[in-house]
Amino acid sequence: MNTIRAENYRRDQTRKNADYYSSSFRAKPQGGPGLWFSVIKVKVSILRLFRKYQAELKALLMLFVAFFLQATLLNHFRIFNVKPELILAILVFYSFFLDFKPVLGLAFIAGVFYDLMSVLPFGFNTLIFILWVILIRLVSRKLAVENGLITGGVLCMIILLNNLTGQAVRYLLGISTGGNFFPIIAIIETLFTLLIALPIYNLLRHIFRLKPLQKVSLARI
Numbered sequence: 000m001n002t003i004r005a006e007n008y009r010r011d012q013t014r015k016n017a018d019y020y021s022s023s024f025r026a027k028p029q030g031g032p033g034l035w036f037s038v039i040k041v042k043v044s045i046l047r048l049f050r051k052y053q054a055e056l057k058a059l060l061m062l063f064v065a066f067f068l069q070a071t072l073l074n075h076f077r078i079f080n081v082k083p084e085l086i087l088a089i090l091v092f093y094s095f096f097l098d099f100k101p102v103l104g105l106a107f108i109a110g111v112f113y114d115l116m117s118v119l120p121f122g123f124n125t126l127i128f129i130l131w132v133i134l135i136r137l138v139s140r141k142l143a144v145e146n147g148l149i150t151g152g153v154l155c156m157i158i159l160l161n162n163l164t165g166q167a168v169r170y171l172l173g174i175s176t177g178g179n180f181f182p183i184i185a186i187i188e189t190l191f192t193l194l195i196a197l198p199i200y201n202l203l204r205h206i207f208r209l210k211p212l213q214k215v216s217l218a219r220i
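Numbering that gives the first Met the number 0 puts the first residue of the sequence shown at 0, with every later residue one more than the last.
Next up, the structure:
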């Protein structure tokens with residue numbers, strides 16, 4: 000009798016173990032077509048996301064390159080202790096090429112970068128860069144870009160306003176502004192920036208695949 004009970008017990012245990020391992024393999028498949036299909040699906044989703052935001056990713060990469068050049072190489076090309084505003088120039092061009100919301104995000108990133116290196120109160124450059132982007136949108140409703148002249152004019156206006164605003168805030172805070180020569184310094188910095196603006200404009204136009212005389216309505220940003 001005990002032998003029969005022991006045999007039945009072993010059979011029950013064997014059946015339970017078989018059911019357990021069978022359910023485990025079903026719940027956690029090891030490899031197979033299903034796993035490869037999931038991996039391919041994830042890769043396709045990433046590729047679609049990259050294509051959707053390709054212009055924004057290019058713009059962000061170019062902005063990081065401008066950060067590096069602004070903080071290193073351009074320090075060796077100063078005229079009267081001023082250097083071109085490369086980041087702000089690129090940001091103005093982005094206002095022509097990209098949609099409004101991505102440009103606001105790039106303006107925020109650029110402003111934070113400037114704030115980290117500036118003697119002005121933290122957040123000033125971030126706020127002023129965002130205001131310039133909004134100003135370009137308001138002004139651009141009656142403009143269209145057919146060549147670099149309008150772009151250069153808008154860039155000149157923004158750079159000059161940015162320099163004069165920064166110098167005025169420094170003066171109010173008692174920070175050295177170059178004495179009575181700060182308007183001249185602002186003009187020199189503006190002209191210096193415009194000197195490198197055309198090559199940058201052509202480069203960005205090539206990156207964003209704009210034709211030489213392609214009409215781009217500024218109201219779209």
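A virtual CB, placed ideally from N, CA and C, is assigned to each residue, including glycine. Just so you know, these numbers come straight off a predicted model, no measurement behind them.
Could you name the residues of the same chain whose beta carbon sits closer than 6 angstroms to that of Leu203, not counting the 5 residues immediately before and after it, in chain order?
-> Phe92
Start and end residues, alpha helix (DSSP H) containing Thr125 = Here the alpha helix (DSSP H) through Thr125 covers Phe123 to Val138.
How many angstroms separate the CA atom of Val111 from the CA atom of Pro198?
-> 26 angstroms
Give the DSSP bridge partners of Val64, in chain order.
-> None, per the DSSP bridge assignment.
Helix, strand or coil for Val118 per DSSP?
-> coil
May I ask you to report which of helix, strand or coil DSSP gives Gly151?
-> helix
Can the beta-carbon of Leu73 be found less than 8 angstroms from the beta-carbon of Leu85?
-> One thing to note: Leu73 has its Cβ within 8 angstroms of the Cβ of Leu85.
Tell whether a beta-carbon distance below 8 angstroms holds between Thr192 and Ala65.
-> no
Measure the beta-carbon distance from Ile129 to Phe107 and round it to whole angstroms, keeping in mind my assumption that it falls under 8 angstroms.
-> 6 angstroms
Measure from the alpha carbon of Gly165 to the alpha carbon of each residue in Leu62, Asp114 and Ala70, then state which is nearest.
-> Asp114
DSSP state of Arg169 mapped onto helix, strand, coil = helix
Measuring alpha carbon to alpha carbon, tell me which of Leu103, Gly104, Leu159 and Leu62 ends up nearest Glu188.
-> Leu159
Starting from the C-beta of Ala109, find all residues in its chain whose C-beta is less than 7 angstroms away, skip the five residues before and the five after it, and write them out in chain order.
-> Same-chain partners within the cutoff: Leu62, Ile86, Leu90 and Phe128.
In chain order, what residues of the same chain lie with their CB nearer than 8 angstroms to the CB of Pro83, ignoring the 5 residues before and after it?
-> Leu73, Phe76, Glu188, Phe191, Thr192, Leu194 and Ile195
Take the Cβ of Leu172 as the centre, count every other Cβ of all protein chains shown within 10 Å, and call the residue buried at 16 or more, exposed below.
-> exposed
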